[in-house]
Each structure stands twice: as structure tokens, then as C-alpha cells.
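Peer 1: Protein sequence lines correspond, in order, to chains S and U. The numbering of the first sequence is my numbering, which starts it at 44 and goes up by one. The numbering of the second sequence is my numbering, which starts it at -19 and goes up by one.
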Amino acid sequence: AQTVTQSQPEMSVQEAETVTLSCTYDTSESDYYLFWYKQPPSRQMILVIRQEAYKQQNATENRFSVNFQKAAKSFSLKISDSQLGDAAMYFCAYRSVYSGTYKYIFGTGTRLKVLA
Amino acid sequence: EPEVTQTPSHQVTQMGQEVILRCVPISNHLYFYWYRQILGQKVEFLVSFYNNEISEKSEIFDDQFSVERPDGSNFTLKIRSTKLEDSAMYFCASSEGVTVNTEAFFGQGTRLTVV
């Protein structure tokens, strides 16, 4: 069975600085997708970025980028030029290509605080 | 922008009572999910629902739980005879299609407290 681990319950970053959130996972599958979701306080979880395991190039979305290390089973999220609106809970998630319903397997989340 | 909505945002119930958590998925979505997160633990998959039937359920989703799409717009999770350990945040999600890279959209969650 696949597992996702987020070892940082909470992180803080100064506004305009860069922060990296860690995620590791365990799987025996060769193809899968990885996702980062953001959940602002009392709001919906929204997709930040996704990465297919077969793609070597790291995904980027504006100020958000990932460092995907397939051999190490690591999928970290880098947030550049942090803004107050980035403060949220961040969830790392795994999705198997072999599961018929494509359910997510989530980590425990990392709460990011952005300091003004 | 369309969004998944969940009601109530917080529900307090007595142990042994039945609760129904409600979700309104995005209107053209076909696949629906419930997840839960016990405080400090992982977000866990409970069940997926497609074409008016359960397509997959986890071992957590035992006979105490049921899901229903009663009227074509709502998607409900019923928990019969609640237990203290059912206290958690429950998230509903929906997806337009099921391909591996299709994004699921989540509601803001219902915090269930069983006392």
C-alpha cells in the first residue's frame, strides 16, 4: 500500500522569502501522480500543482515549483516570494494510475505561517 | 467559479446519535468522494461514488456509514450510531471525470464532534 509522509507539521516563512515544504512517499508502482493542495483557513482545499511520475521535468506554477526526486521518493514544494495569502495548510497527495477510482492518498499536512 | 459546498461547517452530536453530512458537488461532475481527517492524522479516503453506486470504499467505511445522492444535487454521508472516534473533519470532493490527472475539487469540510 502507498503512504505519504509530511514530516513538518508547521513551517514559518518571512514575507517575500522562499520556503520548501517536504513530502516523501512510498510506493512500488512505477507510474503515478503527485499533487500539492492548499487549504486556507475555513476554505476549500485547492490544487496548487501536480506532477506525473514519468515526467522528469519538475512542474512549476508561477511562484510554486516542485523538486521531484523519483528515486528518493521525494516531492517537495517550493514557494518563492511568499505572500500573506500563502498562509494555509498544505497537503501532499499521491494518486495511483492503477486505481479505478483514482482516490488520493494524503499526508498529514503542513501548516504554513507567513510572517509580515 | 463553481465550488463544492458542505453543510454544516461544524456539527456536534451525542454519542450514539445519527448524523448526516451534506455536500453539494459541482453540477457537471460525475464522481464523488468522502474523506476524513482525525485531528493530527492523515486525510483518509472513505468512499467514492459514481453512477448512483459506491465504486470503492476503504476499510474505515463499514456498515456504520452510508452515502446517498438523493436528489441529483446533494451527496450525503450518513453515520449511524456515532462513536467518539468518529470525531474528525469530513471532506467531500467531486471530479468531472476519472482520469488519473483529473483534479478533484474539495469542499471546506464539516467538523464533526461526538461528545
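A virtual CB, placed ideally from N, CA and C, is assigned to each residue, including glycine. The structure presented is a predicted model; accordingly, all values stated were derived computationally and were not measured.
(1) Along chain S, in chain order, which residues have C-beta atoms closer than 8 Å to that of Glu36/U?
(2) Using a threshold of 7 Å, state whether the C-beta atoms of Phe118/S and Phe111/S are closer than that.
(3) So for Leu92/U, helix, strand or coil by DSSP?
(4) Anything in chain S within Cβ reach of Ser28/U, meaning under 8 Å, just list it in chain order.
(5) Output the boundary residues of the beta strand (DSSP E) element that contains Lys81/S.
(6) What's the gap between the Cα of Gly128/S and the Cα of Lys58/U?
(7) Any contact of the segment 56 to 73 of chain S with the segment 143 to 158 of chain S, i.e. 3+ C-beta pairs under 8 Å?
(8) Taking all protein chains shown into account, decide if Gln126/S is buried (16 or more other Cβ within 10 angstroms of its Cβ) or exposed.
(9) Measure the beta-carbon distance from Tyr15/U to Ala73/U and round it to whole angstroms, keeping in mind my assumption that it falls under 8 Å.
(10) Identify, in the order they occur along the chain, each residue of the same chain with its Cβ nearer than 7 Å to the Cβ of Phe41/U, setting aside the five sequence neighbours on each side.
Peer 2: Reading from the atomic positions:
(1) If you number the second sequence from 1, residue 36/U lands on position 56. Per Cβ cutoff of 8 Å: Ser142, Gly143, Thr144, Lys146.
(2) Counting from 1 along the first sequence, the entry for residue 118/S is found at position 75. Counting from 1 along the first sequence, the entry for residue 111/S is found at position 68. Taking 7 Å as the Cβ cut-off, Phe118/S and Phe111/S qualify as a contacting pair.
(3) In the second sequence, counting from the first residue as 1, residue 92/U sits at position 112. The DSSP-derived three-state label of Leu92/U is strand.
(4) On the second sequence, residue 28/U is found 48 positions in, with the first residue counted as 1. Within 8 Å Cβ-Cβ: Thr144, Lys146.
(5) Position 38 of the first sequence holds residue 81/S. 75 to 82 is the span of the beta strand (DSSP E), which, as asked, contains Lys81/S.
(6) Taking the first sequence and counting its residues from 1, one reaches residue 128/S at position 85. Taking the second sequence and counting its residues from 1, one reaches residue 58/U at position 78. Taking the straight line joining both Cα atoms gives about 35 Å.
(7) Counting C-beta pairs with one atom in each stretch, the segment 56 to 73 of chain S and the segment 143 to 158 of chain S have three or more that are closer than 8 Å, which means they touch.
(8) Counting from 1 along the first sequence, the entry for residue 126/S is found at position 83. Result: exposed.
(9) On the second sequence, position 35 is the one that residue 15/U refers to. On the second sequence, position 93 is the one that residue 73/U refers to. Separation of the CB atoms of Tyr15/U and Ala73/U is rounded to 7 Å, and the pair is thereby assigned contact status at 8 Å.
(10) Translated into the one-based positions of the second sequence, residue 41/U becomes position 61. Cβ within range, chain order: Leu26, Val27.
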